[in-house]
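Report on one structure; see the data block that follows.
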Amino acid sequence: NAGVTQTPKFQVLKTGQSMTLQCAQDMNHNSMYWYRQDPGMGLRLIYYSASEGTTDKGEVPNGYNVSRLNKREFSLRLESAAPSQTSVYFCASLIRNYGYTFGSGTRLTVV
Amino acid sequence: SQQGEEDPQALSIQEGENATMNCSYKTSINNLQWYRQNSGRGLVHLILIRSNEREKHSGRLRVTLDTSKKSSSLLITASRAADTASYFCATAPYGGATNKLIFGTGTLLAVQP
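Residue numbers (this note's numbering), protein chains in the order written: chain H, 1 to 111; chain F, 1 to 113.
This is how it looks when you write it as structure tokens:
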């Protein structure tokens with residue numbers, strides 16, 4: 001009954017370091033999404049996966065890569081972190097004709 | 001680019017009063033959704049209204065949709081301190097096959113006890 005689980009919850013990176021944000025859902029949903037949330041800008045879509053084996057760019061994909069490992073897991077990778085990537089990152093999965101279920105977020109600071 | 005814009009950006013009311021938030025969007029939609037976000041937490045889905053619906057209720061929530069004006073409103077009746085949160089509208093653009101949602105910038109609601 002976990003829904004969408006994100007790890008880690010907090011992370012501090014130095015500029016140029018890399019890291020992978022993990023997301024897993026246990027609801028057998030096909031579609032999964034990665035958003036970032038910045039003050040005053042709402043949520044912006046980074047990447048999404050409509051189904052296992054497919055991924056597509058969203059509104060702000062630069063500096064990120066994703067991997068849909070299987071139906072449950074959708075990871076977001078920062079290859080070379082930059083201060084502009086300081087943000088709160090949310091993973092979500094879709095309940096068709098209902099709405100998104102969100103994870104609790106990863107708060108990332110790049111110094 | 002943001003599809004939805006909420007109005008007002010911030011709203012402060014007393015417990016027991018009604019709270020109304022508005023959302024305007026730019027393009028045709030399949031549906032419009034409202035989410036709540038408590039401070040430091042993820043977003044929680046509240047209600048979905050389809051483009052062919054004009055009004056929908058869920059408990060103390062009432063959502064209206066006017067597609068001719070490209071606008072929606074969320075009414076929370078008899079507000080409680082626990083309703084204090086940010087509220088976001090999100091639109092599913094018409095013709096989108098992947099259910100990508102475009103979020104607005106949110107309304108911060110403070111309910112004073």
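Yeah, the Cβ is synthetic: ideal placement off N, Cα and C, and Gly gets one too.
Only residues of its own chain outside the window of five on either side were considered, and among them A10 and S86 have a CB closer than 6 angstroms to the CB of F:L108, listed in chain order.
The straight-line gap separating the alpha-carbon atoms of F:S72 and F:A19 is approximately 14 angstroms. Residues of the same chain with a CB within less than 6 angstroms of the CB of H:T20, apart from the 5 flanking positions on each side, are S75 and R77 in chain order. Between H:S87 and H:V4, the C-beta gap is not smaller than 8 angstroms, which leaves the two residues out of contact. Contact annotation for F:R41 against chain H: S104 and G105 [CB-CB distance below 8 angstroms, chain order]. Taken through DSSP and simplified to helix, strand or coil, F:A78 comes out as coil. Under the DSSP assignment, F:S24 falls in the beta strand (DSSP E) whose first and last residues are A19 to S24.
By the C-beta criterion, the region 24-32 of chain F is judged to be in contact with the region 41-61 of chain F, since at least 3 inter-stretch pairs fall below 8 angstroms. Shortest Cα-Cα distance from F:R36 to any of H:S104, H:T109, H:V110 and H:V111 involves H:S104. Between the alpha carbons of F:A90 and F:E15 lies a distance of about 26 angstroms. H:S104 sits in coil when the DSSP states are folded into three classes, being neither helix nor strand. Annotated three-state conformation of H:P61 is coil, per DSSP. Under the three-state reduction of DSSP output, H:Q85 falls in the helix class.
Contacts between F:T105 and chain H, judged by CB atoms closer than 8 angstroms, involve G40, M41 and G42 in chain order.
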